[in-house]
Structure formats: structure tokens, C-alpha cells
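Residue numbers (the working numbering): 5 to 216.
Here a beta-carbon is modelled for each residue, glycine too, at the ideal position from N, C-alpha and C.
If you're wondering where the values come from, they're calculated on a predicted model, not measured in any experiment.
Down below is the structure, laid out as C-alpha cells.
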Amino acid sequence: MGLMQQKPARVRILDAAHELMRTVGLARATTKEIARAAGCSEAALYKYFPSKEELFVHVLTERLPRLLPLLGRLTVEPGRGSLEDNLTQIARQAALFYEESFPIIASLYAEQQLKRKLDDTLRTIGAGPHVPMRALDAYLCAEKALGRIRPDADTTAAATLLLGACVQRVFAYDATPTGERPPVDAFAARVARTLLGGISVAAEPARPATGA
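Printed below as a string of C-alpha cells:
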């Protein structure tokens, strides 16, 4: 506790919220328990975060692998690097983000009232699970404008396919004989190559898979 108390209160609250949300889920992580774990009062918690929903958003943006900054940078600077490398970066970061966020949000689907409240909060502050998809769509559109993606490519569908594959990696492999998820680097590379096979122009074909 002594080491934790040396941290600023806001940092302690975020650390405690991240740990509790990760271990017991968002629905069961109460502000009272978070404040206790952070070594502060609920009043102090609300000084920094007006609601549990907004605290959750800050946990996502400050404690989990950061996806939106990467997408924003690529959208501002389309044409830099190869499409395959860029999409591999995105797939890797998305896979890591969903791997850490899914245990936090999974419990919400058993608490529909709380989920609706969270959805309302996210809409109010311009956040939500649709935001990365729109950001990736914007990046792909920027690349299409530069001629690196086929003019008839459906960028919205492509964004959905890439991020959807990353979500599937979180839970779809639990029932396999090994119960192991594919290693994130090899997974990201394969997803990027496969997606490029459908949207890239002939001038920049996807490199063939190596069986990773």
C-alpha cells in the first residue's frame, strides 16, 4: 500500500479500476470497491471521474494497448510505408486491444441495463466500439484516394473484416483442442495479407503467406 500511496490519486484510481475491471468485469467492479483498492474515498474518485462509465473509457484509452492513435496517425499520413506493413500494425494493435478489453466488457452482456447506460455515455462523449471501425475505414479511404487500394473496394466492409477477425481471436480458439490463441504477430501478418488480397491494386500485391 505504501508504494501505491506514493502515486497520484488519479493514477491509483485508474490502476485499481483496470485491475478490478479485468478480474471481475465492468458490471461487478463498483466505484466503492475501486476507491477502496485505490486507497481513497468515493468522493475523491468522483472528483476525477464523474461516473463509472467515464472511468471505464479512461481505462480503455490510458491502460490498454492504444489503437486509435495509430489509426489517426496513419490517416493523417496515408501513403507512408507499405499497405501490408501498416495493416499488420493495425491488426496487431487491435488484437492486443481486444484481448485486454474483452474480459472487462464481457459481463455487460448479462447486465443489459448497465450496458444501455454505458452506451448512452459513450455516445455522449463520442466513444464506443464503432469508433475504431470508422477510423480504420477513414484510413482505407485515404489510401484508396492515393490509388493504393482498388477504386471498387468496400472500405467499410474491409475495416469490419479486419477488426472482426481480431475480436474473434479473443474467444474463438478457447474450444480448440489446445485452447491457445494464435501468436499475435503471426496472426496480424496473416490477417493483413488476406485482406490485401481482396482490396489492393495490382501495383502493390500482397506478399504470399509463409505458413506462419
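Item to check | Per DSSP, cross-strand counterpart(s) of SER204 | outcome: ILE153
Item to check | Outcome for PRO54 when other beta-carbon atoms lying within 10 angstroms are tallied against a minimum of 16 | outcome: exposed
Next on the checklist: Using only the alpha-carbon positions, how far apart do SER220 and LYS56 sit?
Outcome noted: What the structure shows of the chain is the stretch from 5 to 216, and residue 220 is not part of that stretch, so it cannot be assessed.
Checklist entry - Does the beta-carbon distance from ARG14 to TYR52 come in below 7 Å? => result yes
Checklist entry - Can you tell me the Cα-Cα spacing of LEU91 and PRO107, whole angstroms? => result 25 Å
Item to check | Rounded C-alpha distance that separates SER204 from ARG152 | outcome: 6 Å
Next on the checklist: Since LEU68 and SER105 should fall inside the 8 Å C-beta cutoff, what is the C-beta to C-beta distance between them, to a whole number of angstroms?
Outcome noted: 6 Å
Checklist entry - For THR159, which residues from the same chain have a beta carbon less than 8 Å from its beta carbon, with the 5 sequence-adjacent residues on both sides left out? => result ASP141, LEU144, CYS145, LYS148, ILE153 and ILE203
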